[in-house]
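Chemist: The opening residue of the sequence shown carries number 48 in the numbering used here; numbering runs sequentially from there. Built from N, CA and C at the ideal position, the CB exists for glycine as well. Right, I'll just put the structure down here and ask away after.
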Amino acid sequence: MLKVVLMLYYFDDLVLNCIDFSLRFFSKRNL
48 MLKVVLMLYY
58 FDDLVLNCID
68 FSLRFFSKRN
78 L
């Protein structure tokens with residue numbers, strides 16, 4: 048049970064990092 052929670056937590060963190068990176072990338076391209 049704990050392993051699943053940790054996996055979901057790290058996966059969510061990874062997704063958030065990817066979203067943050069794409070937002071920064073697109074905002075730089077628009078400027």
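What does the alpha-carbon distance come out to for the pair LEU61 and ASN77?
Modeler: Their backbone Cα atoms lie some 24 Å apart in a straight line.
Chemist: Can you list, in chain order, the residues of its chain whose CB lies under 6 Å from that of MET48, leaving out five sequence neighbours each side?
Modeler: Correct list: empty, nothing qualifies.
Chemist: Please classify MET48: does DSSP put it in a helix, a strand, or coil?
Modeler: If DSSP states are grouped into helix, strand and coil, MET48 belongs with coil.
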